[in-house]
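Participant: Mind having a look at this structure? Questions to follow.
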Amino acid sequence: MPAAHVSRVRALYRRILLLHRVLPPDLKALGDQYVKDEFRRHKTVGSDEARRFLQEWEAYAAVLWQQTKENRQNSTEKASFGIALPEEKLNDFRDEQIGQLQELMQEATKPNRQFSVTESRKPEF
Numbered sequence: 438m439p440a441a442h443v444s445r446v447r448a449l450y451r452r453i454l455l456l457h458r459v460l461p462p463d464l465k466a467l468g469d470q471y472v473k474d475e476f477r478r479h480k481t482v483g484s485d486e487a488r489r490f491l492q493e494w495e496a497y498a499a500v501l502w503q504q505t506k507e508n509r510q511n512s513t514e515k516a517s518f519g520i521a522l523p524e525e526k527l528n529d530f531r532d533e534q535i536g537q538l539q540e541l542m543q544e545a546t547k548p549n550r551q552f553s554v555t556e557s558r559k560p561e562f
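Position in the sequence shown (from 1) plus 437 gives the number in the numbering used here.
Right under this line is the structure:
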């Protein structure tokens, strides 16, 4: 794999994790884990799938960056993240991807999240 490609993938991965820092703690934990799993899962894909993968994640990063900027400007309103997934995009998904999307939606909308996220503190002695 060309060094430029590896460098681009790593930079995108870091940028997404940095953008996740503005998310509420439970969404950050869910998003970070999903990103890590997806990037790991796509390490060995072919060049066409790798190109589509990067395009989609770059679009995600751009949308999240834009929403972060808008949320900062409208600090009196509740922060809003995400976009609606158009039906034509869903038609392009494989069955495995539809299953992943359903699992992600179920996890994101659970009243009692699977994650127990707390702020890290230094131990008291």
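Glycine included, every Cβ here is placed at the ideal spot set by N, Cα and C.
1. Using the rule of at least 16 other Cβ atoms within 10 Å of the residue's Cβ for burial, across every protein chain shown, is Ile520 buried or exposed?
2. Taking DSSP as the reference, what is the three-state secondary structure of Glu514?
3. With DSSP run on the structure shown, which of helix, strand or coil describes Thr546?
4. Around the Cβ of Leu501, are there at least 16 other Cβ atoms within 10 angstroms (buried) or fewer (exposed)?
5. Under 8 angstroms Cβ to Cβ from Arg458, same chain only, skipping five residues before and after it: list those, please.
6. At what residues does the alpha helix (DSSP H) containing Arg447 begin and finish?
7. Quick check for students: name the residue ranges of the alpha helix (DSSP H) that lie wholly in the segment 467–530, counting only runs of 4 or more.
8. Relative to the alpha-carbon of Asp485, which residue among Tyr471, His442 and Glu524 has its alpha-carbon at the smallest distance?
9. Could you check the C-alpha separation between Ala440 and Arg488 for me, to the nearest Å?
10. So Leu456 and Ala498 are supposed to be a Cβ contact under 8 angstroms. How far apart are they, rounded?
11. Among Asp463, Arg452, Ile453 and Tyr450, which residue has its Cα nearest to the Cα of Pro548?
12. For Asp482 versus Phe490, is the C-beta distance shorter than 8 angstroms?
13. Can you give the Cα-Cα distance for Glu507 and Phe518, rounded to whole angstroms?
Facilitator: Looking at the atomic coordinates:
1. As a first step, residue 520 is located in the sequence shown; it is residue number 83 there, counting from the start. Counting Cβ neighbours within 10 Å, Ile520 comes out exposed, since fewer than 16 surround it.
2. For the purposes of this step, residue 514 is taken as the residue at position 77 of the sequence shown. DSSP places Glu514 in coil when its eight states are reduced to three.
3. Within the sequence shown, residue 546 is the residue found at index 109, counting from 1. Reduced to three states, the DSSP call for Thr546 is coil.
4. As a position in the sequence shown, residue 501 is number 64, starting the count at 1. Looking at its Cβ environment, which holds 16 or more other Cβ atoms inside 10 Å, Leu501 is buried.
5. Numbered from its first residue, the sequence shown carries residue 458 at position 21. Contacts found: Lys465.
6. For the purposes of this step, residue 447 is identified with residue 10 of the sequence shown, where counting begins at 1. Start and end: Ala440 to Leu456.
7. 484–510 and 524–528
8. Position 48 of the sequence shown, counted from the start, is the residue given in the question as residue 485. Ranking the options by Cα distance to Asp485, first place goes to His442.
9. Position 3 of the sequence shown, counting from 1, holds the residue named residue 440. Position 51 of the sequence shown, counting from 1, holds the residue named residue 488. Using only the alpha carbons, I get a separation of about 15 angstroms.
10. Counting from one through the sequence shown, the residue named residue 456 turns up at place 19. Counting from one through the sequence shown, the residue named residue 498 turns up at place 61. With 8 angstroms as the limit, Leu456 and Ala498 qualify as a contact, their Cβ atoms being about 6 angstroms apart.
11. For the purposes of this step, residue 548 is identified with residue 111 of the sequence shown, where counting begins at 1. The candidate whose alpha carbon is nearest that of Pro548 is Asp463.
12. By 1-based counting over the sequence shown, the position of residue 482 is 45. By 1-based counting over the sequence shown, the position of residue 490 is 53. Rather than Asp, the amino acid found at residue 482 in this sequence is Val. Yes, the pair counts as a contact, with Cβ atoms nearer than the cut-off.
13. The sequence position of residue 507 within the sequence shown is 70, counting from 1. The sequence position of residue 518 within the sequence shown is 81, counting from 1. Taking the straight line joining both Cα atoms gives about 10 angstroms.
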